[in-house]
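Numbering (the working numbering), first residue to last: 6 to 319.
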């Protein structure tokens, strides 16, 4: 596969995952905003803004609609929902010949729909984000059902799950780790409930742990559950699987560093237990290590398969 094709598929998938994450955070936050007031509400919005890496550019306004308008539709912000969809669409356009008509039309329609409807309905502000989530889920289904599951598919999988692992780690860091110092108040019961909903995890969590909302169990579920699609461990497993299947004809010396990093990341997720993280107070370091190793894999993938020089081929 040409490196430019792999690059575009990889980034298309990362931006779509980022768009889904943004839409879900905004939908859940707006649906639950009446449950919190004062300092708790402000802290909750701070977590959303920080999770989307928009702290410096977000308006210094406490009004939920002003913040939401910026996070969703600001065309100058590279972190907005609309920007993520625009970047995904542009990457898809560059490899249009690799996609099916159904995938391209669904993505193009979704982007144009959101671009043409970029003002919130103040009565039902979460509606547009729920509709966007439904459209993104439909796009995911069409992609799964109509694309060949060959090398290009695994670059899509690689991008999706690297992005997801890092986004979930960021959310957890804002509740458990070093980043929670950026927020004005400690998480309370309702914040833990919202965290589960941010990851589409409330019902799956309750099926494992009943409705007992306990921070340690939430951390265990979102970090280590091997079957839940939005857990960090699930995404790491998918990253490792994808890396075994991309660039099958690449020389062993180019594959070695990527596979070594993936194996190290998988071992970290497989052999760490939440009890020891909590007992030793090392969950912040663990989250930072996961995020850093995901970034190392990203760099290694680029070096091995996308920007490699002639000397690595000879």
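By construction, the Cβ of each residue, glycine as well, lies at the ideal position given by its N, Cα and C atoms. Computed from a predicted structure; not experimentally measured.
Separation of residue j from residue i, as counted between CA atoms
i: residue 289; j: residue 178; result: 6 Å
i: residue 196; j: residue 227; result: 15 Å
i: residue 176; j: residue 71; result: 22 Å
i: residue 229; j: residue 151; result: 31 Å
i: residue 218; j: residue 225; result: 12 Å
i: residue 69; j: residue 201; result: 21 Å
i: residue 211; j: residue 198; result: 11 Å
i: residue 101; j: residue 294; result: 36 Å
i: residue 318; j: residue 15; result: Confidence in residue 318 is poor, its pLDDT being 42 and thus under 50, which makes the residue's placement unreliable; the coordinate value appears in the next sentence. Those two C-alpha atoms are separated by around 22 Å.
i: residue 253; j: residue 264; result: 12 Å
i: residue 316; j: residue 125; result: Residue confidence is low: residue 316 scores 41 on pLDDT, short of 50, so the model does not pin down where it sits. Its coordinate-derived value is still stated next. Each residue's alpha carbon lies about 53 Å from the other.
i: residue 10; j: residue 162; result: 14 Å
i: residue 251; j: residue 104; result: 17 Å
i: residue 191; j: residue 182; result: 11 Å
i: residue 233; j: residue 278; result: 17 Å
i: residue 313; j: residue 113; result: 31 Å
i: residue 110; j: residue 120; result: 15 Å
i: residue 133; j: residue 36; result: 12 Å
i: residue 301; j: residue 55; result: 22 Å
Residues of its chain near residue i, where Cβ-Cβ distance is below 8 Å and the 5 sequence neighbours each way are ignored
i: residue 108; result: 97, 144, 147, 148, 151, 152
i: residue 309; result: 252, 255, 259, 260, 262, 263, 317
Own chain, CB closer than 6 Å to residue i, minus 5 neighbours either side, in chain order
i: residue 34; result: 53
i: residue 17; result: 93, 96, 97
i: residue 159; result: 247, 250, 251
i: residue 157; result: 14, 103
Expected contact under 8 Å - CB spacing of residue i and residue j to nearest Å
i: residue 38; j: residue 57; result: Between residue 57 and residue 38 the Cβ distance is about 16 Å, and since that is not below 8 Å, they are no contact.
i: residue 262; j: residue 305; result: 5 Å
i: residue 204; j: residue 235; result: 4 Å
i: residue 31; j: residue 73; result: 6 Å
i: residue 174; j: residue 237; result: 6 Å
i: residue 45; j: residue 222; result: No, residue 45 and residue 222 are not in contact; Cβ-Cβ is about 22 Å, not under 8 Å.
Spatial neighbours of residue i in its chain, beta-carbon cut-off 7 Å, leaving aside the 5 residues before and after
i: residue 282; result: 288, 291
i: residue 241; result: 170, 270, 271, 274
i: residue 138; result: 25, 28, 29, 32
i: residue 83; result: none
i: residue 285; result: none
Selected residue, minimal CA-CA separation from residue i, among the options
i: residue 299; options: 86, 172, 158; result: 172
i: residue 116; options: 260, 85, 155; result: 85
- Query: Are the stretch 88 to 101 and the stretch 19 to 38 in contact at 8 Å, needing three or more beta carbon pairs?
  - Reply: Taking a cut-off of 8 Å for Cβ pairs, the stretch 88 to 101 and the stretch 19 to 38 touch, as three or more such pairs fall below it.
- Message: If contact is defined by three or more beta carbon pairs under 8 Å, each pair taking one atom from either stretch, is the stretch 272 to 282 in contact with the stretch 244 to 256?
- Response: Judged by Cβ distances under 8 Å, the stretch 244 to 256 makes no contact with the stretch 272 to 282, as fewer than three pairs qualify.
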